[in-house]
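Colleague:
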Amino acid sequence: MKKILLWLAMGNLLFASVGIVKTTTGTVEVKRDKKVIFLKQGSSLENADIIMTKSKSSIGVIFGDGTRISLGENAIFVIKKFKVDPSKKEYDVDLDLKQGKAVFSSGKVGKLAPESVKFRIPEGIIGIRGTKFAVEVK
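Numbering (mature numbering (1 follows the signal peptide of the UniProt record, and there is no 0)), first residue to last: -18 to -1, 1 to 120.
#1: Can you have a look at Asp47 and say buried or exposed, based on whether 16 or more other CB atoms are within 10 angstroms of its CB?
#2: Excluding the 5 residues preceding and the 5 following Phe20 in the sequence, name in chain order all residues of the same chain whose CB lies nearer than 6 Å to its CB.
#3: Buried or exposed for Ile107, please, with buried defined as at least 16 other CB atoms from any protein chain shown within 10 angstroms of its CB.
#4: Among residues of its own chain, excluding the 5 on either side of Ser98, which ones have a beta-carbon nearer than 8 Å to its beta-carbon?
#5: Would you mind giving the Cβ-Cβ distance between Glu55 and Gly82, rounded to the nearest angstrom? I have them listed as a contact below 8 Å.
#6: Among residues of its own chain, excluding the 5 on either side of Val18, which ones have a beta-carbon nearer than 7 Å to its beta-carbon?
#7: On a CA-only basis, which of Gly89, Phe59, Lys65 and Ser87 is nearest Leu120? Give me that one, please.
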């Protein structure tokens, strides 16, 4: 019985995670459920996370479908929603760069359903078509 409960708990953790931190330099935090957590290599990311990099800091993230984003110093980035499930043909990606620099490279979602990706910036929305781009928000 204990093994079953442990397995179910681990499954819930896997499904909650939408991405993983590949690299960090300096101080990088995530605001999640009113808590602030320091991020490091291997940390999991979830929907509704707010990632904040400090001065002389950066982070590299890879999402479940292979989408990658790198954030430079003093960035504020919100993972509003990241859902890519090709088996169910469910695609909904909504990302928001509030401040800072970012380099984005789409994964499978860029090939399968590029119209489902929203990358928001304060002055508009960047539509992707299986592309890579860099953006700075001051």
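Each residue gets a CB set at the ideal place from its N, CA and C atoms; glycine is no exception.
Modeller: According to the structure shown:
#1: buried
#2: Glu11
#3: exposed
#4: Closer than 8 Å at Cβ, skipping near neighbours: Tyr73, Asp74, Val75 and Val91.
#5: 7 Å
#6: Glu11
#7: A small fix is needed here, since residue 120 is Lys in this sequence, not Leu. The residue with the shortest Cα to Cα distance from Lys120 is Phe59.
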